[in-house]
Structures are given as structure tokens and as C-alpha cells.
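The opening position of the sequence shown corresponds to residue 4 in my numbering, with each subsequent residue numbered one higher. The C-beta atom is built at its ideal place from N, Cα and C for all residues, glycine as well. Everything on this sheet refers to the single structure shown next.
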Amino acid sequence: MSNVVREAELSVIMCNGKLSHAVRKTAPPGDYRVQNELGGTITAMDQPSAEMLELAHASLATCPETPIYARVDMIRNHLTGRLCVIELEVIEPDLYLKHTSDGGMTFARAILQVRSQN
4 MSNVVREAEL SVIMCNGKLS HAVRKTAPPG DYRVQNELGG TITAMDQPSA EMLELAHASL
64 ATCPETPIYA RVDMIRNHLT GRLCVIELEV IEPDLYLKHT SDGGMTFARA ILQVRSQN
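Written out as C-alpha cells, the structure reads:
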């Protein structure tokens, strides 16, 4: 948990297997919890690192089908220095759409693309 306090929790949001956006979730002073309702702060990232994207894609590859949307939460392992997945959210995750640069259009297009295939 010290890495969550020191470095934050990172989330990569994917739509149909493609990057939508990424956010950094930081805990309030004296706490380790990053949830907004508990005083945490969520900020948009300009561009996730190559390591973040690689881990997000590898996580989605474990799914039997590519989810329409997913949020891959990760923190840095304090022993190895590498990012590790702490949660792969594919059922009603908070997608932090207010932090997108395109106003959520990537998400909307993903839904429309899947609907047009059915």
C-alpha cells in the first residue's frame, strides 16, 4: 500500500481493446484509499506509459472475448519496480468518462460498433 500513497494507483480504460484514456488516482494525505468519495483525487493522464499499455493489453488478452469496455487498475510492485494489475474491471466499472479528452466518444463508438455487429 505504500506505493499507492507514494506513487498513486493508475487506471487504463479500454474500449473494444483500444485505449480510451488513463487516469491517476491519488490518496488524500494520511490515507491510502484513492476513491473520490473518500477524499482521493482522480486526474486524467495525457498519455499512459508503454508499460501501462502493455499490461492493459496483456490483461485483456486473458478474457475469453474482448470486452466492450474495461478498466485495468495497476500499481507499481515495490519489490520488482514493475507495474502489476490489482483489478480488471469489466462489469459496471467507473470508466471516469469525465476525464476523457473526447467527451466519451470512444466509449460511444465502441457500443455502436458492437451493436452494429449483432
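When DSSP states are grouped into helix, strand and coil, Thr-83 belongs to the coil group.
Scanning its chain for C-beta atoms nearer than 6 Å, with the 5 sequence neighbours on each side dropped, one finds no residue around Glu-68. Just measuring C-alpha positions, the residue of Ser-14, Ala-25, Asn-19 sitting nearest Thr-103 is Ala-25. According to DSSP, Ala-47 shares a beta bridge with Val-26. Under the three-state reduction of DSSP output, Ser-52 falls in the coil class, being neither helix nor strand.
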